[in-house]
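Novice: Provided herewith is a single structure, encoded as structure tokens, for subsequent inquiry.
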Amino acid sequence: MNAVKKILGIVWLLLAPVVIYFLVSGAITHIDPAGKKDINNPIIWVIIIAIFTPIAIGLMIFGWYAFKGEYDHLPESSMELEN
Amino acid sequence: MNSTISAKTIRSVIAASSVGTMIEWYDFYIFGMLAKTISTQFFPEGNATAALLSTLAIFAAGFIVRPFGALVFGRLGDLIGRKYTFLLTLVLMGGSTFLIGLIPGYKTIGIAAPLLVLLLRLIQGLALGGEYGGAATYVAEHSPSNKRGYYTSWIQTTATLGLFVALGIIMLIKLNMSDESFNAEWGGWRYPFWISILLVAVSVYIRLKMAESPLFSKLKAEGKTSVNPLKESFRHKGNFKMVLLALFGAVMGQGVIWYTGQFYAQNFLETKCNIEFEQSRTIMLWAIAFATPFFLLFGWLSDKIGRKWIMMAGMLLGILTYRPIFSVFLKNTDIVEWKKEDPSPVGELKVKREAVKHSLDSAVTYTQVYSLTDNRKFSEIKTDTLFSEDGKPVASAKVAYQNKHLSTSTYWKFVGLVFFLILYVTMVYGPVAAFLVEMFPTKIRYTSMSLPYHIGNGVFGGLVPFIGLLLTTTYPKDPLVGLWYPIGIATLCLIIGTIYLTNKIDKEVND
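Read top to bottom, the protein sequences are chains A and B.
Read in our numbering, the first sequence has 45 at position 45, and its numbers run on one by one without any break.
Read in our numbering, the second sequence has 173 at position 90, and its numbers run on one by one without any break.
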């Protein structure tokens, strides 16, 4: 199972930039000052990209930790979290 | 320590925490449910600044301010204690809700009206971000390890009960007055905001009488509280990796299942199936009433068999059944099929003529109600444009079918299907508070669990309608295409949760 965790770590690592790419390309495609739908509104896209970028970076870090084997053993006490 | 807490005390702790959290959810929901009226009163069409403020009020409050509130109040809760922090969030939430109900409309005070609404809505988002973590931590820190899932599941019922109370109160007010009285500047839509202050006053009174969490008090007495909870939560690798695991392995999927079961379903019944207001709302109310006890059941069960697999099963069921369930909603309200049954007109044809804005043309609306066997009814609304220019023909009519009234059997079938959608919510949401509490140490628990929770629910869950609209616009042929977003996120979360999470219950949360 630990090998699977590590291999999937690479997937999470790569998934994050893909998500950001889709959000930015979605914004470019759909922003339309003449449009009336939410998806045409640039403000909403700015908010979503601004909030999703750190989350995607978090996914990258999660993938990196998984790849490095940080999740091979989960801590069972707070003492372990300190280490 | 926990064994010395009496049953009476724990009941008071649960009641004080749950009632307050439910009121916070109620306060947060009524704004969304009354969004149409609020936008007419405060954000008039055609005013660009008001439109911008409206967008910020709707999107920023949920996406940015909620996680930010989790950080601000989480830090405060880990520094000064749970009790006073979640008392503060309650007062902020109740006060802002009440004040929204007092703001005069745009017609009276101009741009100050939407500005004040935005400010108060942001305070609401901030307060909501701080409330849940405090309530869940407070209850969990009073609970014995073998009942932590069950006791905290009472907190988990509050989001759904808040929705239930908000739906019920708005419906009661709306059914007892005309649409005109409800939507007037000082009309019935303000009552749910005013009612909030009474609810909050009662809850603050109850919470003031409660003592601080015993675990936090012990830490404080020993001088072991965190000096910098934000730094310890997010800059210490050992803890930060657990924050990431909580988010991507559990709360992200829980957020989309929660949102799809309760809000997307309601919106789908109203806007895609065009079911009449009363039926669509009562379908939700019945389903919520039947499903709510399952929060407690799954919380209790998680104490026996662990939290992980119950949450994963809820996600899996959502992934497998969302499209079949929503396609039944569409199929059973398909107007093409209804029209094949030769519906008969009921009452007279209503004709309404209105001037088209910025033009001399007129819009004429013809509304005819039809009925079918099994007590089914629907309104056919045809809209023609009459051009003022001589000789120009009448534009071809746009036809819409609304106010569909379901037969009794279909009505209860829909209640049953929505019940299943909410049952999945109870599976993922019932055990999640105990799960999060057990992941983090006492001194930074409030901060560490609040952020992933509000990113999962506020951001991933809150984006369900927006991404749904994005997908529907991109792939217009499939009316269910919007469901691929919650299905995709839940699948990702299911994979991460299954592979990386442990099902072990942490019996020792006193550290």
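The beta-carbon is built from N, C-alpha and C at its ideal position, and this holds for glycine as well.
Model, not experiment: these values are computed from the prediction.
On the criterion of 16 or more Cβ atoms from any shown chain inside 10 Å, does B/Pro428 qualify as buried, or is it exposed?
Specialist: Classification for B/Pro428: exposed.
Novice: Report the residue ranges of all alpha helix (DSSP H) runs contained in full by the region 348-414 of chain B; include only those spanning at least 4 residues, in chain order.
Specialist: Runs of the alpha helix (DSSP H) inside the region 348-414 of chain B: 360-374, 376-388.
Novice: Relative to the C-alpha of B/Pro150, which residue among B/Leu504, B/Tyr112, B/Leu209 is closest?
Specialist: Closest by alpha carbon: B/Leu209.
Novice: Using a C-beta cutoff of 8 Å, does B/Val520 count as contacting chain A?
Specialist: Not an interface residue.
Novice: For the alpha helix (DSSP H) holding A/Ala50, just list the boundary residues, first then last.
Specialist: From DSSP, the alpha helix (DSSP H) with A/Ala50 extends over 42-67.
Novice: Which of the three DSSP states is assigned to B/Val452 in this structure?
Specialist: The answer is strand: DSSP assigns B/Val452 an E or B state.
Novice: Do you know whose CA, among B/Ile194, B/Ser296, B/Glu214, B/Gly115, lies nearest B/Leu250's CA?
Specialist: Considering only alpha carbons, the answer is B/Gly115.
Novice: Is B/Gly344 near B/Leu577, with beta carbons less than 8 Å apart?
Specialist: Contact: no.
Novice: Are any of the Cβ atoms in chain A nearer than 8 Å to that of B/Val542?
Specialist: For B/Val542, the answer is yes, since a Cβ of chain A falls inside 8 Å of its Cβ.
Novice: Using a Cβ-Cβ cut-off of 6 Å (strictly less than) and excluding sequence neighbours within five positions of A/Ala16, which residues of its own chain qualify?
Specialist: Here the set comprises Ala56, Leu59, Met60.
Novice: If you measure between the beta carbons of B/Ile579 and A/Val4, is that distance less than 8 Å?
Specialist: In this structure, A/Val4 does not lie closer than 8 Å to B/Ile579 by Cβ.
Novice: Of all the options B/Glu268, B/Ser226, B/Phe156, which has the alpha carbon lying nearest to the alpha carbon of B/Tyr189?
Specialist: Comparing Cα positions, the closest option is B/Glu268.
Novice: What residue from B/Ser264, B/His225, B/Lys314, B/Ile538 has the CA that sits closest to B/Pro297's CA?
Specialist: Cα-wise, what sits closest to B/Pro297 is B/His225.
Novice: Can you pull the chain A neighbours of B/Ile147, defined as C-beta to C-beta under 9 Å?
Specialist: Per Cβ cutoff of 9 Å: Ile47, Ala50, Ile51.
Novice: Given this structure, state the Cα-to-Cα distance separating B/Ala98 from B/Arg165, to the nearest angstrom.
Specialist: Answer to the nearest angstrom: the Cα atoms are 16 Å apart.
Novice: By how many angstroms is the C-alpha of B/Ala370 removed from the C-alpha of B/Gly499?
Specialist: Answer to the nearest angstrom: the Cα atoms are 7 Å apart.
Novice: Below 8 Å on C-beta distance, what does A/Gly69 contact in chain B?
Specialist: Here the premise fails: no neighbours, minimum Cβ distance about 11 Å.
Novice: Could you tell me the distance, in whole angstroms, from the CA atom of B/Asp561 to the CA atom of B/Leu400?
Specialist: The alpha-carbon atoms of B/Asp561 and B/Leu400 are separated by roughly 22 Å.
Novice: Considering just the uninterrupted stretch of the beta strand (DSSP E) at B/Glu437, what are its terminal residues?
Specialist: Taken as a continuous stretch (DSSP letters only), the beta strand (DSSP E) holding B/Glu437 covers 427-438.
Novice: Could you check if A/Ile29 is buried or exposed, using at least 16 other CB atoms within 10 Å of its CB as the buried criterion?
Specialist: Residue identity differs from the one stated: residue 29 of chain A is Thr in this sequence, not Ile. A/Thr29 should be labelled exposed.
Novice: So, does the region 463-470 of chain B touch the region 430-450 of chain B, judging by three or more C-beta pairs under 8 Å?
Specialist: With the cut-off at 8 Å, the region 463-470 of chain B and the region 430-450 of chain B touch.
Novice: Report yes if the CB atom of B/Val51 is closer than 8 Å to the CB atom of B/Tyr221, and no otherwise.
Specialist: Here chain B covers residues 84 to 594 and nothing more, so residue 51 of chain B does not appear.
Novice: Straight-line CA distance for B/Asn85 to B/Ser309?
Specialist: Residue confidence for B/Asn85 is low, a pLDDT of 47 falling below 50, so the modelled location carries little weight; the figure read from the coordinates is stated next. Cα-Cα distance, rounded: 22 Å.
Novice: Pull the bridge partners of B/Phe461 from the DSSP assignment, please.
Specialist: Beta-bridge pairing links B/Phe461 to B/Tyr453.
Novice: Residues in the region 305-326 of chain B with C-beta within 9 Å of chain A's C-beta atoms, listed in sequence order?
Specialist: Result list: His319, Lys320, Gly321, Asn322, Phe323, Lys324, Met325, Val326.
Novice: In whole angstroms, what is the alpha-carbon distance linking B/Gly402 and B/Val326?
Specialist: Per the sequence shown, the amino acid found at residue 402 of chain B is Ile instead of Gly. Taking the straight line joining both Cα atoms gives about 24 Å.
Novice: Answer yes or no: does any C-beta atom of chain A fall closer than 8 Å to that of B/Tyr568?
Specialist: No, because no Cβ of chain A sits closer than 8 Å to the Cβ of B/Tyr568.
Novice: Going straight from the alpha carbon of B/Asn311 to that of B/Thr416, what length do you get?
Specialist: One C-alpha to the other measures close to 56 Å.
Novice: Does DSSP put A/Asp72 in a helix, in a strand, or in coil?
Specialist: A/Asp72 falls in the coil class under three-state DSSP.
Novice: Distance check for A/Ile43 and B/Asn586, CA to CA, integer angstroms please.
Specialist: Using only the alpha carbons, I get a separation of about 41 Å.
Novice: Assuming B/Ile141 is part of the alpha helix (DSSP H), what are its boundary residues?
Specialist: Taken as a continuous stretch (DSSP letters only), B/Ile141 belongs to no alpha helix (DSSP H), as it is neither H nor E.
Novice: If you run the structure through DSSP and keep just helix, strand and coil, what is B/Tyr484?
Specialist: Note: B/Tyr484 maps to strand in three-state DSSP.
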